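Peer 1: This is the structure I have questions about; it appears just below.
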Amino acid sequence: MPELPEVEVTRLSFADRIQGAKIQNVALGKPLRWPLGCNTEQLRGLRVKCVTRRGKYLLIELSPSILILHLGMSGSLRFEGTKSPVTQKLHDHFVMQTDLGTLTLNDPRRFGAVVYADDFNSPMLHKLLGKLGVEPLTDSFSPELLYRALKGRHLSIKQALLGGQIVVGVGNIYASEALFLAKIRPTRSSSTITKVQSLRLFEAIRSVLTRAIEVGGSTLQNFSNAMGESGYFQLESYVYARAGEPCKTCNTKIKQVVQAQRSTFYCPMCQS
DNA sequence: AAAAGCCCCTGGATGC
DNA sequence: TGCATCCAGGGGCTTT
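According to my numbering, the first sequence is numbered sequentially starting from 13.
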């Protein structure tokens, strides 16, 4: 489910309200992708310093320890303040009660994870975050970096974007959307991309992610932020999930193909 | 080293 | 209505 915009929208929806909170109790449901990596009692009394994000990972910094959260395909968080009653739902698998409210990870498919790390040198943290590419919305991302990285790869441009080793956070929806905006066919070999095209792609990635964050992310099945609010980006989609429908630019029917076991959508006229 | 495939899991949509 | 099949936003791990 969640790509960078959804993770960031989630973060923004509860980061301020949980900051400074003291953990009172943690309860686990069914196993997630990995074990928590510590006893829940160990978390009791720790304080939330801040909530940050790296790619699609959320980092709840407890200073010096860290809870690394991933929403997988179907995960969502909700934060319920102390004034509202704490609800209990099917597929709640991590429930963290604090003096400022309760943070719950709900994840039907359980591809998500909550993992404890002692600090930023933790092997587990390094394993998960160590090989990630640059953050697309920071100054570390540039057209030159994108161009050079794409040149050196031998796979399709869409898979190069999805891989996360060049740039993080671009998932299946936004890869298709960014490539449409950049007028690049997703099946094109990464290494054949020109400088002009990588500049367009750089700008497309930034604008599509920024716009998606502005409108609250994409709600395709049941994504909502930690306040329970839906996103609306899917209403603006140019190609994603629009197979057979007319291109919004040229009216040509949008095509759907499969790349690396995932659906890709593009306009055969606009994108080359 | 890099690329390609294989899974983990549940639920909703579709088709018979 | 009931049941089978297919598909879904991710990404680590294993195999080529």
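Idealized CB from N, CA, C, for every residue including glycine. All values reported here derive from a predicted model rather than from experimental measurement.
Candidates I78, L102, G113, P97: which alpha carbon is nearest N4's?
Peer 2: Since the displayed the chain opens at 13 and closes at 284, residue 4 lies outside it and no answer follows.
Peer 1: For R160, does the count of other Cβ atoms within 10 angstroms reach 16, so buried, or fall short, so exposed?
Peer 2: exposed
Peer 1: By the three-class DSSP mapping on this structure, what secondary structure does T261 have?
Peer 2: coil
Peer 1: Below 8 Å CB to CB, which residues in the same chain sit around C262 once its five sequence neighbours on both sides are set aside?
Peer 2: C279, M281, C282
Peer 1: For A272, count the other beta carbons within 10 Å of its own beta carbon; 16 or more makes it buried, fewer makes it exposed. Which is it?
Peer 2: exposed
Peer 1: Any contact of the region 238-256 with the region 177-189, i.e. 3+ C-beta pairs under 8 Å?
Peer 2: yes
Peer 1: Per DSSP, G256 is paired with what?
Peer 2: Beta-bridge pairing links G256 to no other residue.
Peer 1: Enumerate in chain order the residues of its own chain whose CB-to-CB distance from V63 is below 8 Å, with the five nearest sequence positions on each side excluded.
Peer 2: R23, F26, A27, I30, Q31, L70, L71, I72, E73
Peer 1: If you count every other CB in all the chains shown that lies within 10 Å of the CB of P43, and 16 or more means buried, which is it?
Peer 2: exposed
Peer 1: Go through its chain and collect everything with a Cβ distance to G49's Cβ below 7 Å, but skip five positions before and after it.
Peer 2: V127, Y128, M136
Peer 1: Within 10 angstroms of the Cβ of D119, are there 16 or more other Cβ atoms? Answer buried if so, exposed if not.
Peer 2: buried
Peer 1: Just reading off the beta strand (DSSP E) that L71 is part of, what are its end residues?
Peer 2: 69-73
Peer 1: Quick one: which unbroken beta strand (DSSP E) runs of 3-plus residues sit fully inside the region 55-124? Chain order, please.
Peer 2: 62-66, 69-73, 78-82, 88-93, 104-110, 113-118
Peer 1: Could you tell me the distance, in whole angstroms, from the CA atom of L141 to the CA atom of R45?
Peer 2: 16 Å
Peer 1: Quick one: is L247 buried, meaning 16 or more other Cβ sit within 10 Å of its Cβ, or exposed?
Peer 2: exposed
Peer 1: What does T276 pair with, by DSSP beta-bridge criteria?
Peer 2: V269
Peer 1: Using the beta-carbon count (16 or more within 10 Å), is V230 buried or exposed?
Peer 2: Note that residue 230 is Ser in the sequence shown here, rather than Val. A residue is called buried once 16 or more other Cβ atoms fall within 10 Å of its Cβ, and S230 is buried on that count.
Peer 1: What do you get for K68, buried or exposed, if any count of 16 or more other CB atoms within 10 angstroms of its CB means buried?
Peer 2: buried
Peer 1: Can you give me the start and stop residues for the beta strand (DSSP E) that I35 sits inside?
Peer 2: 35-40
Peer 1: Quick one: Cα of A216 to Cα of N51, how far?
Peer 2: 44 Å
Peer 1: I'd like the list of long-range same chain contacts for Q171, defined as Cβ closer than 7 Å, with 5 residues on each side in sequence excluded.
Peer 2: Q271, A272
Peer 1: List the residues that DSSP assigns as beta-bridge partners of S168.
Peer 2: S201
Peer 1: With distances taken Cα to Cα, identify the nearest neighbour of S154 among P198, R223, F214.
Peer 2: F214
Peer 1: Grouping DSSP H, G and I as helix and E and B as strand, with all else coil, what is A129?
Peer 2: Looking at A129 - three-state DSSP - the assignment turns out to be strand.
Peer 1: Counting pairs of Cβ atoms below 8 Å between the region 233-241 and the region 196-211, do you hit three or more?
Peer 2: no
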